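This report concerns only the one structure given below.
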Amino acid sequence: MSSRVIAVVNQKGGTGKTTLTMNLAAGLARRGRTLVVDADPQGSAGQWARMSSERKPFPASVFAVAGPLDRELANLRRDYDFVVIDCPPTLEGGAVNGALAAADLALIPVLPSPVDLWGSVRMGTGLEEAQGANRDLQARIVVNQLEVRSALSRAMKHALMEIDIPALEQTLRRRAIYRRSALEGSSVYDLGKPGQAAAAEIEAIIEEVSQ
24 MSSRVIAVVN
34 QKGGTGKTTL
44 TMNLAAGLAR
54 RGRTLVVDAD
64 PQGSAGQWAR
74 MSSERKPFPA
84 SVFAVAGPLD
94 RELANLRRDY
104 DFVVIDCPPT
114 LEGGAVNGAL
124 AAADLALIPV
134 LPSPVDLWGS
144 VRMGTGLEEA
154 QGANRDLQAR
164 IVVNQLEVRS
174 ALSRAMKHAL
184 MEIDIPALEQ
194 TLRRRAIYRR
204 SALEGSSVYD
214 LGKPGQAAAA
224 EIEAIIEEVS
234 Q
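All letters in the sequence shown, in the order written, are residues 24 to 234 by the working numbering.
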């Protein structure tokens with residue numbers, strides 16, 4: 024049985040791609056063998072995993088790759104139940120093209136402001152091209168760093184509609200625990216009671232994209 028491949032992608036930097044990648048991978052690792060493919064030249068996913076302790080290593084393996092991914096992923100699918108790709112902040116280049124050519128799902132984290140959402144409008148065109156080559160590819164937006172006392176405004180909802188990519192019902196709140204998980208090389212699942220609400224968010228995303 025082949026694995027499920029999830030590409031976490033956005034042409035903008037600073038949207039929380041690696042945070043979503045690593046915590047999503049930690050949640051999926053509770054369900055099966057999980058690999059993180061670090062395709063971002065900054066190597067943030069690899070650095071995250073290296074921050075973990077030998078006593079409690081990060082629950083998913085991390086594999087760094089710089090070139091086209093489609094051939095690599097054909098082999099990796101045989102060894103893992105889930106593969107999560109932390110893509111570079113671009114829609115072009117061998118790594119992203121290879122990731123989208125092989126992925127079952129693209130998750131696009133965006134920040135909850137009209138300016139940031141409008142900056143992601145081009146994602147729709149890029150993903151349409153990828154879906155032309157990979158008809159199995161689905162795409163969903165994940166609204167990230169939503170303030171606890173705020174909701175998506177009318178302007179933000181309009182901006183989401185302009186992107187023409189469905190958004191998940193589940194959002195990620197702006198929580199310090201996500202930053203702590205990166206500093207400790209762990210995930211929100213491993214941070215006890217302070218991480219429970221964040222872990223519930225990740226679990227809800229996994230359940231939603233599994234439907």
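Each residue gets a CB set at the ideal place from its N, CA and C atoms; glycine is no exception.
Note that the coordinates shown come from a computational prediction; the quantities given were computed from them, not determined experimentally.
Check: To the nearest angstrom, how far is the alpha carbon of Glu152 from that of Asp159?; Outcome: 13 Å
Check: Could you check where the alpha helix (DSSP H) with Ala190 kicks off and where it finishes?; Outcome: Per DSSP, Ala190 belongs to no alpha helix (DSSP H) and is neither H nor E.
Check: Measure the CB-CB distance between Val28 and Ile108 and report whether it falls below 8 Å.; Outcome: yes
Check: May I ask which residues mark the beginning and end of the beta strand (DSSP E) holding Gln161?; Outcome: 161 to 166
Check: Could you tell me which uninterrupted beta strand (DSSP E) segments, each at least 3 residues in length, are contained entirely in the segment 47 to 77, listed from first to last along the chain?; Outcome: 57 to 61
Check: For the alpha helix (DSSP H) containing Arg158, name the first residue and the last one.; Outcome: Note, Arg158: premise wrong, no alpha helix (DSSP H); not H, not E.
Check: Would you identify the three-state DSSP class for Pro217, choosing helix, strand or coil?; Outcome: helix
Check: Val28 by DSSP, collapsed to three states: which one?; Outcome: strand
Check: Looking at Pro135 and Gln168, is the spacing between their C-beta atoms short of 8 Å?; Outcome: yes
Check: Leaving out the 5 sequence neighbours to the left and right, which residues in its chain are closer than 6 Å to Met24 when beta-carbon positions are compared?; Outcome: Low local confidence applies: a pLDDT of 45 at Met24 is under 50, so the model's placement there is unreliable, with the coordinate-based value given in what follows. Excluding residues within five positions, none has a Cβ falling inside 6 Å.
Check: Three or more C-beta pairs closer than 8 Å, one from the segment 50 to 57 and one from the segment 99 to 106: is that the case here?; Outcome: yes
Check: By Cβ distance, which residues of its chain are closer than 8 Å to Trp141, with the 5 residues on each side in sequence left out?; Outcome: Ala182, Glu185
Check: Looking only at C-alpha atoms, which of Met146, Ser84, Leu130 sits nearest to Asp187?; Outcome: Met146
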